[in-house]
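Presented below is the structure to which this report refers.
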Amino acid sequence: MEIRIDGWRCNLTFASSHFLADYSKCSRIHGHSYAVHMTMEGDAIEGILLDFRIIKNTIREIIEEIDHRVIVPTEGKFEVKRGKEVEVKYEGKRYIFPEEDCIFLPIYSSSAENLASYILQEFIKRAGIEGRSNIRKVEIGVDEGRGQGAWARWERPSV
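Residue numbers are given in the numbering used here: position 48 of the sequence shown equals residue 252, and the series is strictly consecutive.
What follows is the structure, encoded as structure tokens:
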């Protein structure tokens, strides 16, 4: 059994600003309107793989934390000083943001690929997927606007 959720149609969207180290134009601060998609495979129990409400509410909980924030990666090339104000430095550039306007993510950069991996990991944890033995595979896609995005996959290890 496979189920799919289209983030644009289900309003699983968020808007955030970010900047990428070492990517010319993308190293300048800019923003996107993102959508989060999901596919899941496994065996239905009593006709249901996993309740759509659980899936969508879990994704909404994750993206609400990111929505309308500046994404600050904590494991990459940026030098980050946290306090009431957040200072981010990289190669001669210096940004200052109010702390409440930032979300600090344990990722190398705020690329669509890394955001998909982060949201997938959070979804697996928060929805208790590892404890749901009927679910074999989960994929999360993150679009940076319509038509382009990245996907990350979790698969249950074979026994």
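Ideal Cβ positions, reconstructed from N, Cα and C, are used throughout, including at glycine.
In this structure, the CA atom of residue 363 is about 12 Å from the CA atom of residue 337. In this structure, the alpha-carbon of residue 289 lies about 19 Å from that of residue 281. Under the DSSP definition of a beta bridge, residue 239 partners with 217, 347. Around the beta carbon of residue 236, a 10 Å sphere encloses 16 or more other beta carbons of the protein chains shown; the residue is thus reported as buried. With the rule of 3 Cβ pairs closer than 8 Å, the region 282-301 does not count as touching the region 318-333. Here residue 241 is buried: its Cβ has 16 or more other Cβ atoms, across all protein chains shown, within 10 Å. Residue 341 and residue 322 have their C-alpha atoms some 16 Å from each other. Residue pairing for residue 355: DSSP places it in a beta bridge opposite 345. Between residue 239 and residue 212, the C-beta spacing is below 8 Å.
Counting every other CB atom within 10 Å of its CB across the protein chains shown gives residue 252 a total below 16, marking it as exposed. Counted as a single uninterrupted DSSP element, the beta strand (DSSP E) harbouring residue 308 occupies residues 306-309. Our two residues, residue 332 and residue 232, have alpha carbons roughly 37 Å apart in a direct line. Residue 339 places its beta carbon 8 Å or farther from that of residue 355.
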